[in-house]
Amino acid sequence: MNHNLLTHCKFFYEAFFIPIYIHQEETLLGCFPDQHSAFYPPEKLVQDILSHPDTIGYISGSAFSYYGYLKLKDAPECSIIIGPISGVPYEKSMLQALIDHYGIPEELHPAAGSFFRNIPLSDLSAFLGKLVLMHHVINQEDISIDALFPLNAFPSAKSIQKKGTENVYSIREENQFNNSYEVEKLILSFIADGNLEGFDTFLKTPMHVQMGAVANDNIRQLKNTFIVSIALFTRTAIQAGVETEIAFQLSDLYIKQAEQLTNPDHILSLQVEAIHTFTSKVSEHRLPFLSDSDIRQIVHHIQRHIDQPLNVDTIAEELRFNRSYLSHKFHKETGMKLHAFIQDCKIQEAKRLLTFTNKSISEISNYLCFSSQSHFQNVFKKVIGTTPNQFRKKN
66 MNHNLLTHCK FFYEAFFIPI YIHQEETLLG CFPDQHSAFY PPEKLVQDIL
116 SHPDTIGYIS GSAFSYYGYL KLKDAPECSI IIGPISGVPY EKSMLQALID
166 HYGIPEELHP AAGSFFRNIP LSDLSAFLGK LVLMHHVINQ EDISIDALFP
216 LNAFPSAKSI QKKGTENVYS IREENQFNNS YEVEKLILSF IADGNLEGFD
266 TFLKTPMHVQ MGAVANDNIR QLKNTFIVSI ALFTRTAIQA GVETEIAFQL
316 SDLYIKQAEQ LTNPDHILSL QVEAIHTFTS KVSEHRLPFL SDSDIRQIVH
366 HIQRHIDQPL NVDTIAEELR FNRSYLSHKF HKETGMKLHA FIQDCKIQEA
416 KRLLTFTNKS ISEISNYLCF SSQSHFQNVF KKVIGTTPNQ FRKKN
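Residue numbers (my numbering): 66 to 460.
Okay, here's the thing in structure tokens:
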């Protein structure tokens with residue numbers, strides 16, 4: 066191993082006390098501090114980082130943690146992974162989620178708790194500043210923190226301001242709403258359901274939002290709107306079952322980060338990130354079995370293809386699972402039969418369409434691939450307790 070690289074990493078750890086790992090492809094060459102191998106970043110996370118084309122960047126981990134990485138300019142097969150860091154203290158359930166993600170044996174849980182809690186808290190901006198500094202020292206290159214914000218992953222400020230509500234699924238622009246209250250209701254419904262796929266679809270739909278002025282300048286307007294939104298996200302997540310302390314810690318973290326930002330795009334990107342985080346936390350609470358990679362793949366496939374005919378056979382074929390294995394594992398891990406889960410997902414989507422669109426009952430039935438309108442109405446009433454028409458009038 067290059068002696069200078071080892072020295073730089075050692076000094077970096079001694080300055081910031083953030084764990085650091087040096088890899089040559091998938092082989093770990095060294096780390097700071099010395100630690101049990103069970104505390105090394107999970108293999109899947111390491112593979113994701115090593116396969117990433119960027120020289121420097123960061124990714125999100127479990128329990129609201131982040132990992133930074135950089136690759137050596139003169140030896141691209143060598144990578145440095147830094148983290149995990151978190152902006153909020155690891156309370157009991159968050160710490161357990163992180164330990165479970167690492168797959169740490171039970172007898173090492175107390176030591177793992179001490180290891181993770183000894184890592185200093187850091188918000189994302191401050192962490193990226195440290196990562197940029199390390200990149201400058203090791204690769205002799207300058208890069209701004211702004212370049213690391215995932216703005217390309219989300220709409221720009223202009224495109225976000227043009228997104229509104231109505232019909233995530235309809236292409237008829239004349240039916241779009243321009244009422245920000247409707248947008249708010251739709252986003253909160255995604256959070257309440259833990260529906261990340263639905264929110265991602267919403268982001269891709271051209272819309273227009275008309276909002277009232279709540280400040281004298283654009284930055285303050287965005288920050289005020291952000292704070293109000295975070296309060297709504299927090300309340301919705303708590304009502305959906307997320308622990309109160311976790312939700313409020315997230316709220317404090319995001320508001321603090323937003324107040325430090327001066328770029329409109331960064332504030333808007335942070336808001337999208339916050340929606341993802343609250344939605345993910347609800348999903349973890351409602352669907353705790355998503356920690357299993359096979360089950361997570363199945364659930365995401367169903368959510369992504371909710372407008373297509375879905376059954377055990379089609380999912381098994383698409384995901385290349387044995388049919389018997391698929392049915393048995395899903396029932397074992399979730400306590401639900403797969404066809405019942407598919408039906409529940411379709412009914413939840415029907416509720417959203419009834420609330421936020423003008424689609425007819427027949428159109429919704431066809432869109433969700435029910436065998437007939439009467440079948441859709443019967444299933445809806447069985448699950449929800451009212452007919453689709455009654456639900457629409459009430460909501």
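Note that beta-carbon positions come from the ideal geometry of N, C-alpha and C, so glycine has one too.
Can the beta-carbon of Gly152 be found closer than 8 Å to that of Ser187?
-> Yes.
Item to check | Beta-bridge partners of Gly336, as assigned by DSSP | outcome: Residue identity check: residue 336 is Gln in the sequence provided, not Gly. Bridge partners of Gln336: none, in fact.
Does Gln89 come out as helix, strand or coil in the three-state DSSP assignment? Reduced to three states, the DSSP call for Gln89 is strand.
Is it the case that the Cβ atoms of Ile412 and Val444 are separated by a distance below 8 Å?
Yes, Cβ-Cβ distance for Ile412 and Val444 is below 8 Å.
Requested in this report: Assess, as a yes-or-no matter, whether the stretch 108-120 is touched by the stretch 80-95 under the definition of 3 or more beta carbon pairs within less than 8 Å.
Outcome: Per the Cβ contact rule, the stretch 80-95 is in contact with the stretch 108-120 (3 or more Cβ pairs under 8 Å).
(request) Please name the residue, chosen from Gly263, Gln362, Ser130, Lys397, that lies closest to Glu383 on a Cα-to-Cα basis. (result) The residue from Gly263, Gln362, Ser130, Lys397 with its alpha-carbon nearest to that of Glu383 is Gln362.
Residue span of the alpha helix (DSSP H) that contains Pro175, given as start and end: Pro175 -> alpha helix (DSSP H) spans 174-182.
Verify whether the separation of the beta carbon atoms of Asn460 and Thr420 is less than 8 Å. Yes, they are a contact pair.
Inset, instruction - Take the Cβ of Ala305 as the centre, count every other Cβ of all protein chains shown within 10 Å, and call the residue buried at 16 or more, exposed below. - result: So Ala305 counts as buried.
task: Measure the alpha-carbon distance for Glu349 versus His201 and round it to whole angstroms.
output: Cα to Cα, Glu349 sits roughly 38 Å from His201.
- Message: Distance check for Phe77 and Ala381, CA to CA, integer angstroms please.
- Response: Distance from the CA of Ala381 to the CA of Phe77, rounded to the nearest whole angstrom, comes to 48 Å.
So within the stretch 400-426, which uninterrupted alpha helix (DSSP H) runs reach at least 4 residues, ignoring any that extend past its ends? The alpha helix (DSSP H) runs lying completely inside the stretch 400-426 and spanning 4 residues or more are 403-421, given in chain order.
>> Looking at the secondary structure, which residues open and close the alpha helix (DSSP H) in which Leu193 lies?
In response: Leu193 -> alpha helix (DSSP H) spans 189-204.
Legend entry - Residues that DSSP places opposite Tyr390 in a beta bridge: Paired residue(s): none; Tyr390 is not in a bridge.
Buried/exposed call for Pro374, threshold 16 Cβ in 10 Å: Classification of Pro374: exposed, given that the 10 Å Cβ count is below 16.
Q) Exposed or buried, Lys447, counting other C-beta atoms within 10 Å across all chains shown (16 or more means buried)? A) Exposed, because fewer than 16 other Cβ atoms sit within 10 Å of the Cβ of Lys447.
task = Jot down the residue ranges of each uninterrupted alpha helix (DSSP H) in the stretch 292-340, minimum 4 residues, whole runs only, in chain order.
result = Every alpha helix (DSSP H) of 4 residues or more that sits fully in the stretch 292-340 is shown, in chain order, as 309-325.
**Prompt:** Does the beta-carbon of Phe82 have 16 or more other beta-carbons within 10 angstroms, so that it is buried, or is it exposed?
**Reply:** Result: exposed.
Exercise for review: Quick one: give me the first and last residue of the beta strand (DSSP E) that Ile150 is part of.
Suggested key: Taken as a continuous stretch (DSSP letters only), the beta strand (DSSP E) holding Ile150 covers 143-151.
Spatially closest choice to Val197 from Ala339, Leu71, Asp211, by CA coordinates: Of Ala339, Leu71, Asp211, the residue nearest in Cα terms is Asp211.
Exposure of Thr72, with buried meaning 16 or more beta-carbon neighbours within 10 Å
Counting of Cβ neighbours within 10 angstroms places Thr72 among the exposed residues, the total staying below 16.
- prompt: What's the C-alpha gap between Tyr131 and Lys402?
  reply: Cα to Cα, the separation comes out at about 35 Å.
| request: Tell me, to the nearest whole angstrom, how far the beta carbon of Phe291 is from that of Ile332; I am working on the premise that it is less than 8 Å. | output: Indeed they touch by this definition, with Cβ atoms about 6 Å apart.
Measuring only the C-alpha atoms, how far is Pro154 from Ala312? Straight-line Cα distance between these residues: approximately 12 Å.
Practice prompt. Answer with buried or exposed for Ser179, where buried requires no fewer than 16 other C-beta atoms within 10 angstroms of its C-beta.
Written response: It is exposed - the Cβ of Ser179 has fewer than 16 other Cβ atoms within 10 Å.
Which residues bound the alpha helix (DSSP H) around Ser158?
Unbroken alpha helix (DSSP H) run through Ser158: 157-167.
| request: Sort Phe386, Pro141, Leu93, Ser102 by Cα distance to Ile121 and report the nearest one. | output: Of the listed residues, the one whose Cα sits closest to Ile121 is Pro141.
With three or more C-beta pairs closer than 8 Å as the rule, is the stretch 332-342 touching the stretch 286-302? Touching, per the Cβ criterion.
Using the Cβ count rule (16 or more neighbours within 10 Å means buried), how would you classify Tyr319? Taking all protein chains shown into account, Tyr319 has 16 or more neighbouring C-beta atoms within 10 Å of its C-beta and is therefore buried.
Which of the three DSSP states, helix, strand or coil, is assigned to Phe242?
-> Residue confidence for Phe242 is low, a pLDDT of 38 falling below 50, so the modelled location carries little weight; the figure read from the coordinates is stated next. Three-state result, Phe242: coil.
query: Taking Tyr432 as the reference, which of Leu93, Tyr167, Ile371 has the closest Cα?
result: Measuring from the Cα of Tyr432, the nearest candidate turns out to be Ile371.
- Task: Could you please give me the residues that DSSP links to Phe97 through a beta bridge?
- Result: The partner list for Phe97 (beta bridge, DSSP) reads Ile85.
- Can Thr301 and Leu251 be called in contact, C-beta distance under 8 Å? Going by C-beta atoms, Thr301 is not nearer than 8 Å to Leu251.
Check your understanding: Going by beta carbon distance, what residues of the same chain come within less than 8 Å of His366, once the five residues before and after it are set aside?
Key -> Contacts found: Ile380, Glu383, Leu384.
- Query: Can you tell me the Cα-Cα spacing of Leu449 and Leu189, whole angstroms?
  - Reply: Position check: residue 449 holds Ile in this sequence, whereas Leu was assumed. Spanning the two alpha carbons is a distance of roughly 41 Å.
- Task: Can you tell me which of the three DSSP states Ala222 falls into?
- Result: For Ala222, the pLDDT reaches just 40, beneath the cut-off of 50, and the residue's location in the model is therefore unreliable, leaving the point undetermined.
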